[in-house]
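Residues in the sequence shown are numbered from 1 upward in steps of one, following UniProt numbering.
Only one structure is covered here, and it is reproduced in the block below.
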Amino acid sequence: MAVDIRHRSRERLRGELAEAAADFCAGHGFESVTAEEIAAQLGISKATFFRYFSSKEDAIIVGALAARPSLPDALRGLSLEPGTSAWVATRRAMDSTVHWARSHSTQLRSRMALITTTHSLRARLASDRLMDRTELTAALAERMTEERDALAVASAAIAAIDLGWRQWAADVEADLGTELDVSFELFTRLGEITTRS
């Protein structure tokens, strides 16, 4: 599917190209196509492709997640009672992402399934998660007294969110909100989980 690149802002165009690239790779297999083939499918040159993306992985991650609501912004926008658990607040802040995912579930699920089953894409996503953690830590720190506590909550929340996304992508019947609830609840019980003898 060629993308008409005239009269668009750079970021908007980048998002459109990324979404089309992600859909193409989800249908053909990420490892089976080259950047040149993706560019041809999008109706652009390979050079243009690399002006917008540093790699195939970059295009797929942007295409899968760039339009998702900002978790730090959602957290900042929450009206919270004094003493609300930062963990509970972070899960509540994910609700805007859950609503977004429900309205894009078919395409998003295929893109996330591609990411979770492709090593190089998982590695690229992990790199993005470091930035997500930094931004979430900053948003939490605005409401907490100890920065270390904010970092701990943000680190655990990013891991719980990843687990929720992974479970959701693997099961076409799954609901992202439910999977996040299960993941966040599991993380609250980590100290109770025992090993087999």
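By construction, the Cβ of each residue, glycine as well, lies at the ideal position given by its N, Cα and C atoms.
The beta-carbon distance between R133 and I158, rounded to whole angstroms, is 5 Å. This is short enough to meet the 8 Å contact definition.
Just so you know, the alpha carbons of L65 and E192 end up roughly 33 Å apart. If you draw a straight line from the Cα of A156 to the Cα of E185, it comes to about 12 Å.
Note on A67: under 16 other CB atoms within 10 angstroms of its CB, so exposed under the neighbour-count rule.
Rounded to the nearest angstrom, the gap between the Cα atoms of W100 and A170 is 18 Å. The Cβ atoms of G177 and R102 lie closer than 9 Å to each other. By the neighbour-count criterion, in which 16 or more other beta carbons inside 10 Å mark a residue as buried, V88 falls on the exposed side. Between A138 and S85, the alpha-carbon positions lie close to 16 Å from each other. Take the alpha-carbon of W165 and the one of G83: they are about 28 Å apart. Secondary structure of V172 (DSSP, three-state): coil. Separation of V153 and S120 (C-alpha to C-alpha, rounded to the nearest whole angstrom) is 27 Å. Going by DSSP, I38 is part of the alpha helix (DSSP H) stretching over A35 to L42.
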